[in-house]
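In what follows, a structure is listed as structure tokens, so that the remarks can point back to it.
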Amino acid sequence: MQDYDILVAGAGASGMCAAIAAAREGKRVLLVEKGGMLGGSNTQSLVCPLMGFHAGGRQAVRGLAQEIVDRLARRGGTLGHIPDPLGVTATITPIEPEILKQVYFEMLREEKNITLLLHTLITGAAVEQGRLAQVEAAHKGGKALFRAGVMIDATGDGDLAALAGVPCVFGREKDGLAQPMTLVIKIGGVEYPKIRAAMAARPDQFVLRKGALEDSYVAVSGYFEAVEQARSRGELTLPRDRVLLFQGVREGEAILNMSRVVMKRSTDAWELTQAETEGRAQADEILSFLKKNIEGFENACLMETGAMIGVRESRHIQGRYTLTERDVVSGAEFEDAVALCAFPIDIHDPQGKDLHWTKTDTAQCCEVPYRVMVPESVGNLLVTGRCVSATHEAAASVRITPTAMALGEAAGIAAALAPSGRVDRVDAAALRERIAQRGGVPGKKYM
Ligand SMILES: Cc1cc2nc3c(=O)[nH]c(=O)nc-3n(C[C@H](O)[C@H](O)[C@H](O)COP(=O)(O)OP(=O)(O)OC[C@H]3O[C@@H](n4cnc5c(N)ncnc54)[C@H](O)[C@@H]3O)c2cc1C
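Residues in the sequence shown are numbered from 1190 upward in steps of one, following my numbering.
The following block contains the structure:
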């Protein structure tokens, strides 16, 4: 049994920011991660670019998220914030996942208040008198028990909250289906001049921001006809209507976000195994389709696949406030706002091949209230990252990495401020001020 001030479950984008923020407030933090690396989906599943740092010309996410980008830049691991070629959001931030892994370990080496425990899965929770009294975990050495004044669930899947009995909704409210999973593929040997030429010749085949072809960076959402024809020939069997890729940080590289595994639950190991297996078969199919059919990919080669399939959606906790589609679309504001979300609703069809972007103005953003991280029933538990309290539609916006980072930072500071560990008694105004002092953007007036 080991005691800490704050326990953070999961070292993804949100958990990393939560742990670092709490440690910088002087708290002793235990960070427990089931894998062997830091960064969650951005590193283990190669998910990038980061999207949603800006609303129009104004920066909506700063603080630790920007510090991470600055550290990446110093190592040549990002192209910085650049206009989104697809015009879906104001800016995108291409990053190199391998360098992000190094940045996160570098940051933890500097944080003397954080104890890191890798290769350890949170497996149990004991709730006593409305408080999470103890957390159980499993690793190669056996079972471990931990206590902390405040626990932060940053597992993406809401594992700790579910174990503690917090009510959760899985995927869509109407049928429990979640957005599809994607095995992200990194390829090399891509000839971008040929792709640009195809875009210039057939702009109707691509989603492109006006003027994007003059930029030096390329992103592809298109080749609709080629994909449809390959599907009708039986060369492509995955449920996908387009090629979706982003130029990498290094010459000739691309991150392909094209595979699609539908109707599988990431919280069930059997289904997750099927998803991994299907995702890898799709990776082979995609690469041979591109090499055979699309100019610019003739010499493409497989460089890396995610160590784990990317999970877009699973559980959403039911918190003291549930963010809705209307909040996102209307750019809602809240008295207890702690972060901003500057990304449209981006739903990859849970059953089929479509992609729905609910276009909000790229200059617009919505505030995210503290209450989406606060469960009703457990007094010393906060939940951050993609499993916060949001409907399927709102989660399709708020799940984006920079906002997950901003929420994590807010959760870490809130855990440090919570009187006697009572997260429901955190003074929202004081929390907002502290986030702003730390360089974050807790609401629109701080942009
Ligand atoms: C295919 C795909 C494409 C996407 N595209 C983009 C994009 O282009 N731009 C963008 O900004 N965002 C994108 N996203 C969204 C974004 O990547 C994530 O929603 C966000 O980064 C989530 O961060 P998180 O910290 O909440 O969760 P995660 O990154 O999932 O981190 C959770 C961490 O918890 C650990 N963990 C889980 N369970 C346990 C447990 N029981 N015990 C201990 N540790 C545990 C995991 O190993 C992981 O490290 C995409 C997501 C996917 C899957």
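A virtual CB, placed ideally from N, CA and C, is assigned to each residue, including glycine.
Remember, it's a predicted structure, so these values are computed and weren't measured experimentally.
| Item | Value |
| --- | --- |
| What are the complete alpha helix (DSSP H) segments, minimum 4 residues, inside the segment 1503-1540? | 1514-1519 |
| How would you write the range of the alpha helix (DSSP H) that Ala1353 sits in, first residue to last? | Here Ala1353 belongs to no alpha helix (DSSP H), and DSSP marks it neither H nor E. |
| Using beta-carbon positions only, say whether Val1409 and Leu1434 come within less than 8 Å of one another. | yes |
| Kindly give me the distance between the Cβ atoms of Val1500 and Met1370, rounded to whole angstroms, as I take these residues to be in contact under 8 Å. | 5 Å |
| Within a Cβ cutoff of 6 Å, which residues of the same chain sit near Ala1333, ignoring the five residues on either side of it in sequence? | Ala1326 |
| With C-beta atoms as the reference, is Arg1509 less than 8 Å away from Arg1575? | no |
| If you draw a straight line from the C-alpha of Gln1233 to the C-alpha of Phe1478, how long is it? | 25 Å |
| According to the Cβ coordinates, are Arg1385 and Val1407 closer than 8 Å? | yes |
| Flag Ala1244 as yes when its Cβ comes closer than 7 Å to any non-hydrogen atom of ligand 1, and as no otherwise. | no |
| Note down, in chain order, each residue of its chain lying with its Cβ closer than 6 Å to the Cβ of Glu1552, except the 5 sequence neighbours on either side. | The sequence shown places Ala at residue 1552, not Glu. Cβ neighbours of Ala1552 beyond the five flanking positions: Ala1244 and Gly1245. |
| Alpha carbon to alpha carbon, how far is Gly1338 from Leu1305? | 17 Å |
| Would you say Thr1547 touches ligand 1, meaning its beta carbon is less than 7 Å from a heavy atom? | no |
| Expressed to the nearest angstrom, what Euclidean distance is found between the alpha-carbon atoms of Glu1362 and Thr1511? | 12 Å |
| Quick check on the DSSP output: the alpha helix (DSSP H) that includes Asp1259 runs from which residue to which? | Gly1252 to Arg1263 |
| Run through the segment 1258-1338 for me and flag every whole beta strand (DSSP E) of 3 or more residues, listed as ranges in chain order. | 1280-1282, 1303-1306, 1310-1317 and 1320-1328 |
| Tell me the residue span of the alpha helix (DSSP H) that contains Thr1232. | Ser1230 to Gln1233 |
| What residue range is occupied by the uninterrupted alpha helix (DSSP H) comprising Glu1582? | His1581 to Val1587 |
| Comparing C-alpha positions only, which one of Lys1216, Gln1368 and Met1340 sits nearest to Ser1448? | Gln1368 |
| Note down, in chain order, each residue of its chain lying with its Cβ closer than 8 Å to the Cβ of Leu1606, except the 5 sequence neighbours on either side. | Glu1214, Val1615, Asp1616, Ala1619, Leu1620 and Arg1623 |
| Kindly indicate which three-state DSSP category Gly1499 falls into: helix, strand or coil? | strand |
| Measuring only the C-alpha atoms, how far is Gly1266 from Asp1348? | 31 Å |
| Does DSSP put Val1557 in a helix, a strand or coil? | strand |
| Can you check whether the CB of Thr1573 is closer than 8 Å to the CB of Gly1597? | yes |
| Can you tell me whether Arg1588 is buried or exposed, with buried defined as 16 or more other CB within 10 angstroms of its CB? | buried |
| Is Lys1223 near ligand 1 - that is, is its Cβ less than 7 Å away from at least one heavy atom of it? | yes |
| Quick one: is His1505 buried, meaning 16 or more other Cβ sit within 10 Å of its Cβ, or exposed? | buried |
| Exposed or buried, Asp1525, counting other C-beta atoms within 10 Å across all chains shown (16 or more means buried)? | buried |
| Whose CA, out of Val1250, Leu1235 and Val1236, lies closest to the CA of Phe1242? | Val1250 |
| My output table needs one value for Pro1564: the three-state DSSP class, helix, strand or coil. | strand |
| Given a cut-off of 8 Å, decide if Ala1443 and Val1379 are closer than it, judged by their beta-carbon atoms. | yes |
| Compare the beta carbon distance of Gly1199 and Thr1309 with 8 Å and say whether it is the shorter of the two. | no |
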